[in-house]
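Visitor: Chains D and A are the protein sequences, given in the same order. Going by the numbering used here, the first sequence opens with residue 2, and the numbers climb by one from there. Going by the numbering used here, the second sequence opens with residue 2, and the numbers climb by one from there. Each residue gets a CB set at the ideal place from its N, CA and C atoms; glycine is no exception. Computed from a predicted model, the values in this text were never measured in an experiment. Sending over a structure as structure tokens; questions will come in a sec.
There are 2 protein chains.
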Amino acid sequence: MEVLKLKSPADFIGRQGNGIISFGSGQPDLPPPKEAFEGIDLTRDLRYGLIQGEVKLREILAREYPGSTAENFVITNGASEALDLIFRCWRKGEKVLLPRPYYYSYPPVVEFAGLVPIYTDLVDGRIDLDDFKKKIKGCRAVLINSPSNPTGRIEAIETLKEIEKLTQKLGVYVVSDEVYKDLIYERENYHIEGDHVITVNSFSKTYCMCGVRVGYLWSADKKVVENVCEMKTHTSMNTNLVGQDMALSAMRAPKAYIRKQRKIWLQRRDFIYEGLTDLGFDLWKPEGAFYVLPKCENAREFVRTLYHEFRVITYVGEWFGAPDRIRLSYALDLKQMEEGLARIKNAMKKVKVLP
Amino acid sequence: MEVLKLKSPADFIGRQGNGIISFGSGQPDLPPPKEAFEGIDLTRDLRYGLIQGEVKLREILAREYPGSTAENFVITNGASEALDLIFRCWRKGEKVLLPRPYYYSYPPVVEFAGLVPIYTDLVDGRIDLDDFKKKIKGCRAVLINSPSNPTGRIEAIETLKEIEKLTQKLGVYVVSDEVYKDLIYERENYHIEGDHVITVNSFSKTYCMCGVRVGYLWSADKKVVENVCEMKTHTSMNTNLVGQDMALSAMRAPKAYIRKQRKIWLQRRDFIYEGLTDLGFDLWKPEGAFYVLPKCENAREFVRTLYHEFRVITYVGEWFGAPDRIRLSYALDLKQMEEGLARIKNAMKKVKVLP
């Protein structure tokens with residue numbers, strides 16, 4: 002059997018199934034709400050749509066953003082494309098501040114755009130405002146992600162307000178990736194505000210439709226919206242129309258759907274947090290999203306052993322800027338998690354992972 | 002009424018309808034084949050798909066490319082994204098040769114990637130091999146588009162073979178945008194060959210589903226496929242799954258569907274070519290696609306007059322690198338074209354367009 006190279010999460014593609022338990026993939030295993038499929042007419046007009054996105058979808062989104070209109074939104078091929086387009090509109094060589102650990106696509110997307118990522122290390126999984134204040138100067142933007150993939154942490158509302166003030170004063174853009182906004186266990190989401198804010202969001206996680214690839218950005222800055230649309234005109238044109246219809250339909254799902262999902266995630270969160278704590282791991286209790294990032298010595302060896310000898314997929318923390326940790330997604334049911342934790346327990350007899 | 006700025010085709014967005022006759026938009030007005038909708042199951046697995054695209058779709062495409070397998074393809078958000086990803090994978094500062102007139106997104110997409118477009122002017126709407134040979138040296142790639150938007154011309158098979166040989170010898174990539182491959186009036190499409198060839202294609206024009214945004218690239222060079230997938234992992238992830246299912250279904254349409262379409266386009270081609278020739282315009286007879294690019298003095302003034310006073314949309318040739326011409330798409334029915342030509346005739350009394 003070929004030994005895992007562990008270059009990127011792509012190493013695990015096509016390795017699911019056959020009794021393998023995967024704590025790898027960052028997506029819900031639950032189905033979309035039934036509303037997502039209702040009333041979809043495939044025989045609709047399938048000619049080019051507006052680059053900015055379908056008006057009806059943007060109008061409904063505007064209701065969730067106080068003081069906004071459809072003009073503040075651009076619908077994109079998932080949050081990924083939104084981030085990519087935002088960064089590509091800025092002048093090459095400019096700096097972007099990234100809290101570390103980070104979602105693994107952030108540094109490449111910043112670099113592909115010709116921008117320079119600089120890092121502020123999280124302290125106990127949260128932004129260190131002292132370091133943040135030093136490093137934000139001279140940056141074009143900061144990219145924040147609360148709840149965070151991979152830490153599962155959320156930032157305190159006070160921190161977010163401090164970032165609002167500071168960036169407004171300095172004229173630095175805040176790109177706020179809020180794709181897990183509906184999966185916060187502790188409080189409601191806090192919309193960071195201001196005319197220098199660009200929010201990135203998605204239907205993928207809330208409505209369990211990652212493969213449909215519909216996301217969006219919101220900005221109060223008309224120039225940002227215009228620049229993104231101008232670029233998207235040449236790079237991908239409109240976002241797929243059937244997907245936009247499904248996103249619009251999914252939004253008709255009652256709030257109870259989201260509450261019910263959150264309850265399932267909470268139960269899983271508690272299960273994995275307790276399970277890993279019982280095994281002796283040092284980890285943060287997730288406050289949102291569906292990831293844990295326990296400390297782990299010999300992380301690469303452990304991830305390889307888990308896969309090759311115990312048929313369990315986990316990700317090395319180094320992909321997320323945290324080489325002394327491993328990342329587990331808990332997007333799987335309790336029965337699988339129980340089995341997975343039992344295998345992890347056995348693997349710990351072969352590799353030294355605790356101090 | 003606000004006077005048209007004529008900065009880009011986007012100036013005409015939202016200006017259709019209300020008796021306006023549009024020779025603007027470059028997309029079929031005909032419906033997709035009924036097969037595109039048959040057997041589509043929206044309740045399918047909607048989790049992330051493979052970045053490279055659905056295996057079944059790539060397998061069926063492979064049958065159209067002799068000696069290929071599913072591994073030679075990447076499914077993308079339309080041909081636009083395929084081009085964007087290809088160029089972004091090359092080192093910044095490298096040169097890309099573009100025949101001029103060109104499709105209006107080519108120069109920006111090359112420049113967004115940090116590459117440098119250089120131009121070879123078409124002679125009588127076709128590649129001038131002498132100039133081509135001089136300019137291709139030192140280029141990373143050449144982007145060819147036969148049938149061409151905006152010229153409606155196809156390259157001779159001998160020219161394509163000459164380009165094959167020359168680029169192979171020099172180690173220059175040929176990016177062949179063949180989105181109009183099924184709309185050639187004169188002959189079958191000729192697949193340019195070689196291990197340095199990257200073909201870009203789409204379901205948009207052949208199957209009249211531009212808004213679904215499914216295209217693809219083909220390459221014999223595994224490194225190209227790998228690099229594109231690696232970049233797409235971060236910039237947009239998989240192409241929308243429902244769109245890919247529709248593309249796969251559309252391919253079940255009988256060849257008679259494509260023949261029938263071509264017959265309609267041929268009739269329209271003859272109608273507009275004769276109509277504009279009768280009005281005194283100097284233009285190439287289209288051999289493929291659905292555009293004409295007649296010579297036109299005072300092009301900006303004429304396009305403005307046509308729109309503001311005669312409610313006819315045409316595009317200025319300067320968007321396509323041909324400032325002394327205007328572009329008309331003939332993706333509209335004969336009745337509308339007849340009315341459009343009558344209005345053009347009247348507008349010619351107000352603006353001097355012929356020498």
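Helix, strand or coil: how does DSSP classify N202 of chain A here?
Guide: Working through the second sequence from its first residue, we reach residue 202 of chain A at position 201. If DSSP states are grouped into helix, strand and coil, N202 of chain A belongs with the strands.
Visitor: Residues in the same chain with beta-carbon distance under 8 Å from L267 of chain D, minus the five sequence neighbours each way, listed in chain order, please.
Guide: For the purposes of this step, residue 267 of chain D is identified with residue 266 of the first sequence, where counting begins at 1. Excluding sequence neighbours, L267 of chain D sits near Y186.
Visitor: Just list the residues that DSSP pairs S220 of chain A with in beta bridges.
Guide: Locating residue 220 of chain A in the second sequence gives position 219, where the first residue counts as 1. DSSP output for S220 of chain A lists A:I199 as bridge partner(s).
Visitor: Please name the residues in the segment 44-73 of chain A whose beta-carbon is closer than 8 Å to at least one beta-carbon of chain D, in chain order.
Guide: Answer in chain order: T44, D46, L47, R48, Y49, G50, L51 and I52.
Visitor: Label D53 of chain D either buried or exposed according to how many other C-beta atoms from any shown protein chain fall within 10 Å of its C-beta, with 16 as the threshold for buried.
Guide: On the first sequence, residue 53 of chain D is found 52 positions in, with the first residue counted as 1. For clarity, residue 53 of chain D is Gln in the given sequence; the question names Asp instead. Under this definition Q53 of chain D is a buried residue.
Visitor: Determine whether the Cβ of G25 of chain A lies closer than 8 Å to any Cβ atom of chain D.
Guide: Numbered from 1 along the second sequence, position 24 holds the residue referred to as residue 25 of chain A. It does not: the Cβ of G25 of chain A has no partner Cβ on chain D nearer than 8 Å.
Visitor: Just the chain A side, please: which residues come within less than 9 Å of Q85 of chain D by C-beta, in chain order?
Guide: The residue given as residue 85 of chain D occupies position 84 in the first sequence. One detail in the question is off: residue 85 of chain D reads as Asp in this sequence, not Gln. Neighbours of D85 of chain D on chain A, chain order: H235, T236 and S237.
Visitor: Considering only residues of the same chain and omitting the five flanking positions on each side of L184 of chain D, which have a CB-CB separation below 8 Å?
Guide: Numbered from 1 along the first sequence, position 183 holds the residue referred to as residue 184 of chain D. Contacts found: P148, K206, T207, Q262, R263, W266, G289, A290 and F291.
Visitor: Can you tell which of A:P324, A:A348 and A:I345 has the C-alpha that lies nearest to the C-alpha of G103 of chain A?
Guide: On the second sequence, residue 103 of chain A is found 102 positions in, with the first residue counted as 1. Note on identity: in this sequence residue 103 of chain A is Tyr, with Gly being the wrong assignment. If we check each option's Cα against that of Y103 of chain A, A:P324 comes out closest.
Visitor: Locate the beta strand (DSSP E) running through Y174 of chain A, then write down its first and last residues.
Guide: Residue mapping note: residue 174 of chain A aligns to position 173 of the second sequence, counting from 1. It spans Y174 to D178 - the beta strand (DSSP E) in which Y174 of chain A sits, taken as one unbroken run.
Visitor: Which whole-angstrom value describes the C-beta separation of T44 of chain A and F38 of chain D, a residue pair presumed to lie in contact below a C-beta threshold of 8 Å?
Guide: As a position in the second sequence, residue 44 of chain A is number 43, starting the count at 1. As a position in the first sequence, residue 38 of chain D is number 37, starting the count at 1. Going by Cβ atoms, the distance from T44 of chain A to F38 of chain D rounds to 6 Å, so yes, they are a contact pair.
Visitor: Could you give the DSSP three-state label for F74 of chain A: helix, strand or coil?
Guide: As a working mapping, residue 74 of chain A is identified with position 73 in the second sequence. Here F74 of chain A sits in strand by DSSP.
Visitor: Among D:G322, D:F303 and D:R101, which one has its Cα closest to the Cα of V313 of chain D?
Guide: Along the first sequence, read from residue 1 onward, the residue named residue 313 of chain D stands at position 312. Measuring from the Cα of V313 of chain D, the nearest candidate turns out to be D:F303.
Visitor: Which of the residues in the segment 178-199 of chain D, read from start to end, lie with their CB under 7 Å from any CB of chain A?
Guide: The segment 178-199 of chain D vs chain A, Cβ under 7 Å: nothing.
Visitor: Determine the chain D residues that contact S220 of chain A at a beta-carbon separation under 9 Å, and present them in chain order.
Guide: Against the second sequence, residue 220 of chain A aligns to sequence position 219. By Cβ distance, chain D contributes nothing, its closest Cβ being about 19 Å from S220 of chain A, past 9 Å.
Visitor: Can you tell me whether DSSP reads A142 of chain A as helix, strand or coil?
Guide: Residue numbering aside, residue 142 of chain A sits at position 141 when the second sequence is read from its first letter. Of the three classes helix, strand and coil, the one that applies to A142 of chain A here is strand, per DSSP.
Visitor: Who are the near neighbours of C211 of chain D in its chain, counting only those whose CB is closer than 7 Å to its CB and skipping five residues on each side?
Guide: The residue given as residue 211 of chain D occupies position 210 in the first sequence. For C211 of chain D, where only same-chain residues beyond five positions count, the Cβ hits under 7 Å are Q28 and S205.
Visitor: Sort out for me which residues DSSP pairs L98 of chain D with in a bridge.
Guide: Reading the first sequence from its first residue, position 97 is the one you call residue 98 of chain D. According to DSSP, L98 of chain D bridges with D:I119 and D:V143.
Visitor: Which class does I52 of chain D belong to by DSSP, given the choice of helix, strand or coil?
Guide: Locating residue 52 of chain D in the first sequence gives position 51, where the first residue counts as 1. Three-state DSSP puts I52 of chain D in coil, outside helix and strand.
Visitor: Under 8 Å by Cβ, that's how I've got T200 of chain D and E179 of chain D pegged, so tell me the actual separation to the nearest angstrom.
Guide: Along the first sequence, one-based indexing puts residue 200 of chain D at 199. Along the first sequence, one-based indexing puts residue 179 of chain D at 178. Correct: roughly 6 Å between the Cβ atoms.
Visitor: Determine, using beta carbons only, whether N299 of chain A comes closer than 8 Å to chain D.
Guide: Along the second sequence, one-based indexing puts residue 299 of chain A at 298. Taking Cβ atoms only, chain D never reaches closer than 8 Å to N299 of chain A, which makes this a no.
Visitor: What does I273 of chain D touch in chain B if you count any residue whose Cβ is under 7 Å from its own?
Guide: The structure shown has no chain B; the protein chains it does contain are D and A.
Visitor: Keeping to the same chain, check which residues put their C-beta closer than 7 Å to that of N146 of chain A; ignore five residues upstream and five downstream.
Guide: Position 145 of the second sequence holds residue 146 of chain A. Once the five neighbours on either side are set aside, the close Cβ partners of N146 of chain A are Y104 and D178.
Visitor: Going by C-alpha to C-alpha distance, which of A:L307, A:P356 and A:G318 sits closest to E340 of chain A?
Guide: In the second sequence, the residue the question calls residue 340 of chain A occupies position 339. Checked all of A:L307, A:P356 and A:G318; the closest Cα to E340 of chain A is A:L307.
Visitor: Measure from the alpha carbon of G318 of chain D to the alpha carbon of each residue in D:R301, D:A332 and D:R305, then state which is nearest.
Guide: Counting from 1 along the first sequence, the entry for residue 318 of chain D is found at position 317. The option with the nearest alpha carbon to G318 of chain D is D:R301.
Visitor: Using a Cβ-Cβ cut-off of 6 Å (strictly less than) and excluding sequence neighbours within five positions of Y331 of chain A, which residues of its own chain qualify?
Guide: Start at 1 with the first residue of the second sequence, and residue 331 of chain A comes out as number 330. Closer than 6 Å at Cβ, skipping near neighbours: R269, I273 and F291.
Visitor: Give a yes or no on contact between the segment 234-253 of chain D and the segment 78-85 of chain A, applying the rule of three or more CB pairs nearer than 8 Å.
Guide: With the cut-off at 8 Å, the segment 234-253 of chain D and the segment 78-85 of chain A touch.
Visitor: Within 8 Å of any Cβ in chain A, is that where the Cβ of G212 of chain D sits?
Guide: As a working mapping, residue 212 of chain D is identified with position 211 in the first sequence. Closer than 8 Å: yes.
Visitor: If you reduce the DSSP assignment to three classes, tell me which class D8 of chain D lands in.
Guide: On the first sequence, residue 8 of chain D is found 7 positions in, with the first residue counted as 1. It is Lys, not Asp, that sits at residue 8 of chain D in the sequence shown. The answer is coil: DSSP assigns K8 of chain D none of H, G, I, E or B.
Visitor: With a threshold of 8 Å between beta carbons, is V226 of chain D in contact with chain A?
Guide: Your numbering for residue 226 of chain D matches position 225 in the first sequence. V226 of chain D does not count as touching chain A.
Visitor: Three or more C-beta pairs closer than 8 Å, one from the segment 276-285 of chain D and one from the segment 101-121 of chain D: is that the case here?
Guide: As far as the Cβ criterion goes, the segment 276-285 of chain D does not touch the segment 101-121 of chain D, which means the pair count is below three.
Visitor: So with CB distances below 8 Å, who are the chain D contacts of I41 of chain A?
Guide: By 1-based counting over the second sequence, the position of residue 41 of chain A is 40. Correct list: L43.
Visitor: What residues from chain D crowd round F38 of chain A, counting only those whose CB sits closer than 7 Å?
Guide: Counting from one through the second sequence, the residue named residue 38 of chain A turns up at place 37. Under the 7 Å cutoff, chain D gives L43 and T44.
Visitor: List, from N- to C-terminal side, the beta strand (DSSP E) runs of 3 residues or more that fit wholly inside the segment 276-355 of chain A.
Guide: Complete beta strand (DSSP E) runs here, min 3: 327-330.
Visitor: Can you list, in chain order, the residues of the segment 7-22 of chain D whose Cβ is nearer than 9 Å to any Cβ on chain A?
Guide: Listed in sequence order: S9, P10, A11, I14 and G15.
Visitor: Evaluate D246 of chain A with the Cβ neighbour count: other Cβ atoms within 10 Å of its Cβ, from every protein chain shown; 16 or more gives buried, anything less gives exposed.
Guide: Within the second sequence, numbered from 1, the residue matching residue 246 of chain A stands at position 245. When all chains shown are included, D246 of chain A counts as buried.
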